[in-house]
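Sequential numbering from 306 applies to the sequence shown in the working numbering.
Everything on this sheet refers to the single structure shown next.
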Amino acid sequence: MGKKVKLLSICKPKQYKTISKNELIDDGKYLVYGANGVIGKSNKYTHENPTLMVTCRGATCGSLNISKPFSYINGNAMAFDSIDKNFDLMYLYYYLSSRGFNDAISGTAQPQITRENLKNIDVLELSLDQQKQIAKTLDKAQELIDLRKESIAKLDELAKSIFIDMFGNPVSNPKGWNIEKLENLVEKEKNSLKTGPFGSSLKKEFYVQKGYKIYGQEQVIADDFEYGDYYIDEKRFLTLKNYAIKTNDVLISLVGSFGKIAIVPEVFQEGIINPRLMKISFNCKVYNPVFFKYLFYSDSFKQQVQNHSHGGTMGILNLTILKNLNYINPKIELQNKFAKTIEKIEEQKSLYKQELEKLEENFQALLQQSFGE
């Protein structure tokens with residue numbers, strides 16, 4: 306292996322003046338990069354050539370991006386200018402991605418990286434040919450990952466387009482479906498529409514190692530009911546049984562990443578929702594939960610929900626908002642036919658996700674092989 310050199314000896318990290326959101330131009334000539342990649346356009350640029358940058362403020366502090374030619378790099382990212390000619394740009398990107406910047410991040414409430422923080426970061430120097438070969442190998446592996454992610458995204462888009470083809474815009478309702486309110490589509494039982502309990506009922510001091518599971522946004526966002534390990538004992542579960550979930554219940558996140566949906570599968574751990582979720586128990590003879598999910602995720606319905614939500618950019622959803630909205634109600638046979646089509650798409654998506662997991666494992670193995678000490 307080669308020798309280690311200081312990052313600051315092979316480049317000149319620099320932060321440029323921040324362009325505010327108000328200064329961004331919709332039809333600007335050049336891309337503007339911020340903390341999380343491209344944030345807009347401008348008519349001025351800081352860098353003529355592709356440039357490596359690290360996010361230096363906020364939650365994604367330490368993440369890396371490479372700009373397109375003729376781009377503006379904002380002050381929330383630090384550009385690695387004047388990279389030594391003996392270092393390949395993509396090699397440096399992969400090496401620093403593998404190494405990470407955890408030891409260069411300071412601050413807790415507002416994580417940040419300063420030029421001073423970078424002084425102890427070392428980079429493995431190999432011959433330029435070796436660097437280019439490593440970068441080429443990793444590029445190919447990354448390309449396979451990107452292609453598989455693209456395939457998964459295309460299946461998601463296919464599912465959405467099938468919904469629109471079959472049912473039309475669920476807000477303007479050009480196909481003239483019957484319209485219903487939410488309470489007419491759910492089971493005729495007390496807890497068919499329920500938001501989670503008050504936080505005081507689920508303090509962390511009540512958690513146990515095993516028992517009845519607490520379901521929250523993390524399961525809904527990941528659409529993974531096996532994820533997570535928060536539990537309560539039977540005594541507390543019985544006091545909160547009104548919030549218990551069952552197969553085919555629709556769970557919706559209410560705060561922050563609001564409007565995310567997961568449907569409770571056939572097999573799951575018995576448990577309850579937490580205060581950041583809502584559960585809906587549909588009458589499956591009238592309304593199919595899968596149909597509802599794709600109605601909810603349609604662009605027009607999502608925008609309608611966004612318009613009614615509170616809390617600005619974060620968004621807060623509640624039961625009153627959903628009760629006040631109108632829901633198209635095609636014949637249940639048609640809804641079920643759509644759900645069967647989605648089931649086939651999900652089966653294919655599951656295979657793609659398994660392949661993606663293997664590709665990502667392979668990529669990590671290549672990183673370790675290339676840069677492991």
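Yeah, the Cβ is synthetic: ideal placement off N, Cα and C, and Gly gets one too.
Computed from a prediction, not measured in an experiment: that's the story for all the values here.
Item to complete: Indicate the three-state DSSP secondary structure (helix, strand or coil) for asparagine 296 in the structure shown.
Response: A question about residue 296 goes unanswered here, because the residues of the chain that appear run from 306 up to 678.
Worksheet item: Hey, quick one: how far does the beta strand (DSSP E) through serine 586 stretch, first residue to last?
Response: Locating residue 586 in the sequence shown gives position 281, counting from the first residue. Where serine 586 is concerned, there is no enclosing beta strand (DSSP E), given that its DSSP letter is neither H nor E.
Worksheet item: Which class does phenylalanine 385 belong to by DSSP, given the choice of helix, strand or coil?
Response: Within the sequence shown, numbered from 1, the residue matching residue 385 stands at position 80. If DSSP states are grouped into helix, strand and coil, phenylalanine 385 belongs with the strands.
Discussion item. Would phenylalanine 385 and leucine 423 be called neighbours here (beta carbons separated by less than 7 Å)?
Written reply: In the sequence shown, counting from the first residue as 1, residue 385 sits at position 80. In the sequence shown, counting from the first residue as 1, residue 423 sits at position 118. Not in contact: phenylalanine 385 and leucine 423 (Cβ atoms no closer than 7 Å).
Worksheet item: tyrosine 377 and valine 337: beta carbons closer than 7 Å?
Response: Position 72 of the sequence shown, counted from the first residue, corresponds to residue 377. Position 32 of the sequence shown, counted from the first residue, corresponds to residue 337. For the 7 Å CB-CB criterion, tyrosine 377 and valine 337 form a contact.
Worksheet entry | Proximity below 7 Å, CB of asparagine 381 to CB of glycine 339 | Translated into the one-based positions of the sequence shown, residue 381 becomes position 76. Translated into the one-based positions of the sequence shown, residue 339 becomes position 34. Yes, these two residues count as a Cβ contact at 7 Å.
Worksheet item: Can you name, in chain order, every residue of its own chain whose Cβ lies under 6 Å from the Cβ of lysine 319, other than the five neighbours on each side?
Response: Taking the first residue of the sequence shown as 1, we reach residue 319 at position 14. Hits under 6 Å: Ala384 and Asp386.
Worksheet item: Quick one, are the C-beta atoms of serine 402 and phenylalanine 676 less than 7 Å apart?
Response: Sequence index remark: in the sequence shown, residue 402 carries index 97 (1-based). Sequence index remark: in the sequence shown, residue 676 carries index 371 (1-based). For serine 402 and phenylalanine 676, no; Cβs fall outside 7 Å.
Worksheet entry | From Tyr396, Ile457, Asn489 and Val359, residue whose alpha carbon lies closest to that of isoleucine 633 | As a first step, residue 633 is located in the sequence shown; it is residue number 328 there, counting from the start. Checking every option, the nearest Cα to that of isoleucine 633 belongs to Asn489.
Item to complete: Return the CA-CA distance between lysine 493 and lysine 590, expressed in angstroms with no decimal places.
Response: Along the sequence shown, one-based indexing puts residue 493 at 188. Along the sequence shown, one-based indexing puts residue 590 at 285. Each residue's alpha carbon lies about 12 Å from the other.
Worksheet item: From Ile315, Lys349, Lys317 and Lys658, pick the residue whose C-alpha is nearest to that of isoleucine 330; which is it?
Response: For the purposes of this step, residue 330 is taken as residue 25 along the sequence shown, with counting starting at 1. The closest CA to that of isoleucine 330, considering only Ile315, Lys349, Lys317 and Lys658, is found on Lys349.
Practice prompt. Note the first and the last residue of the continuous beta strand (DSSP E) segment covering leucine 429.
Written response: Start at 1 with the first residue of the sequence shown, and residue 429 comes out as number 124. Per DSSP, leucine 429 belongs to the beta strand (DSSP E) from 427-430.
Discussion item. Going by beta-carbon coordinates alone, are glutamine 417 and arginine 453 separated by less than 7 Å?
Written reply: Reading the sequence shown from its first residue, position 112 is the one you call residue 417. Reading the sequence shown from its first residue, position 148 is the one you call residue 453. Their beta carbons are not under 7 Å apart, which means glutamine 417 does not touch arginine 453 by this criterion.
Fill in: Closest residue to glutamine 415 among Thr365, Tyr396 and Ile457 (Cα-Cα distance)
One-based indexing of the sequence shown puts residue 415 at position 110. Comparing Cα-Cα distances from glutamine 415 to each of Thr365, Tyr396 and Ile457, the minimum goes to Thr365.
Worksheet item: Is it right to say glutamine 514 is buried, meaning 16 or more other beta carbons lie within 10 angstroms of its own, or is it exposed?
Response: On the sequence shown, position 209 is the one that residue 514 refers to. Answer is exposed; the Cβ neighbour count stays below 16.
Worksheet item: When DSSP labels each residue in this structure, what does proline 318 get in the three-state scheme?
Response: Numbered from 1 along the sequence shown, position 13 holds the residue referred to as residue 318. Looking at proline 318 - three-state DSSP - the assignment turns out to be strand.
Discussion item. Taking the alpha helix (DSSP H) that valine 525 belongs to, which residues open and close that run?
Written reply: Translated into the one-based positions of the sequence shown, residue 525 becomes position 220. Start and end: 522-527.
Practice prompt. Per DSSP, which residues does glycine 380 bridge with? Please list them.
Written response: By 1-based counting over the sequence shown, the position of residue 380 is 75. Glycine 380 pairs with nothing; no bridge assigned.
Practice prompt. Could you say if the region 646-665 and the region 453-462 meet the contact criterion of at least three C-beta pairs nearer than 8 Å?
Written response: By the Cβ test, the region 646-665 is in contact with the region 453-462, since at least three Cβ pairs between them sit closer than 8 Å.
Discussion item. Which complete beta strand (DSSP E) runs does the region 458-487 hold, if anything under 3 residues is left out?
Written reply: Within the region 458-487, not a single complete beta strand (DSSP E) segment reaches 3 residues in length.
Item to complete: Determine the direct distance from the alpha carbon of lysine 459 to that of glycine 367, and round the result to whole angstroms.
Response: In the sequence shown, counting from the first residue as 1, residue 367 sits at position 62. In the sequence shown, counting from the first residue as 1, residue 459 sits at position 154. Distance between the alpha carbons of glycine 367 and lysine 459 is about 30 Å.
Discussion item. Ignoring anything shorter than 3 residues, give me the beta strand (DSSP E) runs that lie fully in the region 390-446, in order along the chain.
Written reply: Within the region 390-446, the runs of beta strand (DSSP E) at least 3 residues long that lie entirely inside it are, in chain order, 427-430.
Fill in: Option nearest lysine 480 by Cα separation, candidates Leu664, Pro635 and Lys309
As a first step, residue 480 is located in the sequence shown; it is residue number 175 there, counting from the start. A check of alpha carbon separations from lysine 480 across Leu664, Pro635 and Lys309 identifies Pro635 as the nearest.
Fill in: Inter-residue CB distance, isoleucine 577 and tyrosine 536 (contact presumed, cutoff 8 Å)
Looking up residue 577 in the sequence shown gives position 272. Looking up residue 536 in the sequence shown gives position 231. Contact check for isoleucine 577 and tyrosine 536: beta-carbon distance about 10 Å, past the 8 Å limit, so the pair fails to qualify.
Discussion item. Suppose the cutoff is 6 Å on Cβ atoms and the five residues either side in sequence are ignored; what does the same chain contact list for glutamate 571 look like?
Written reply: As a working note, residue 571 is residue 266 in the sequence shown. Within the same chain, glutamate 571 has close Cβ partners Thr552.
Worksheet item: If you run the structure through DSSP and keep just helix, strand and coil, what is glycine 504?
Response: Stepping through the sequence shown from its first residue, residue 504 is reached at position 199. Per DSSP, reduced to three states, the secondary structure at glycine 504 is helical.
Discussion item. Quick check: the Cα distance between glutamine 653 and isoleucine 315, rounded to an integer number of angstroms?
Written reply: As a position in the sequence shown, residue 653 is number 348, starting the count at 1. As a position in the sequence shown, residue 315 is number 10, starting the count at 1. Cα to Cα, the separation comes out at about 46 Å.
Worksheet item: So, helix, strand or coil for glycine 617, using DSSP?
Response: As a first step, residue 617 is located in the sequence shown; it is residue number 312 there, counting from the start. Residue placement at glycine 617 is flagged as unreliable, the pLDDT there being 49, under the threshold of 50; the coordinate-derived value follows with that caveat. DSSP, reduced to helix, strand and coil, places glycine 617 outside both helices and strands of the structure shown, so it counts as coil.
Practice prompt. On a CA-only basis, which of Gly501, Lys509, Val610 and Asp528 is nearest proline 475? Give me that one, please.
Written response: Mapped onto the sequence shown, residue 475 falls at position 170. Nearest of Gly501, Lys509, Val610 and Asp528 to proline 475, Cα basis: Val610.
Discussion item. For lysine 441 and threonine 360, I'd like the C-alpha separation in whole angstroms.
Written reply: Against the sequence shown, residue 441 aligns to sequence position 136. Against the sequence shown, residue 360 aligns to sequence position 55. Whole-angstrom Cα-Cα distance: 24 Å.
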